[in-house]
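A.B. asks: This is the structure I want to talk about, given as structure tokens.
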Amino acid sequence: MNQPIELSLEQEFSLRTFSDQVQQMSREQAQEFLQMLYKQMMIREKTYQELLKHQWEVGSGSILG
């Protein structure tokens, strides 16, 4: 796991498209977008935590709970 994770060609294209869109935003639009993006990242992280908790049955008498 010492090798860096590389993006697929499709992901690289998506990143370039995203970058082009961001470059065209006003400062206010970019700030609002970043706030929304950060909130979505936090929701995704919480969702992953809940899924892992459910999958590992954390909190139901296990050592990790």
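Each residue of the sequence shown is one higher than the one before, counting from 2 in the working numbering.
All C-beta atoms, glycine included, are put in the ideal place defined by N, C-alpha and C.
1) Inspect the beta-carbon positions of M43 and F34 and report whether they are closer than 8 angstroms.
2) Work out the CA separation of K40 and L53 for me, nearest whole Å.
3) From which residue to which residue does the alpha helix (DSSP H) around M43 run?
C.D. replies: The answer reads as follows:
1) Contact flag unset, no.
2) Roughly 20 angstroms between the two C-alpha positions.
3) Element bounds for M43: R28 to W57.
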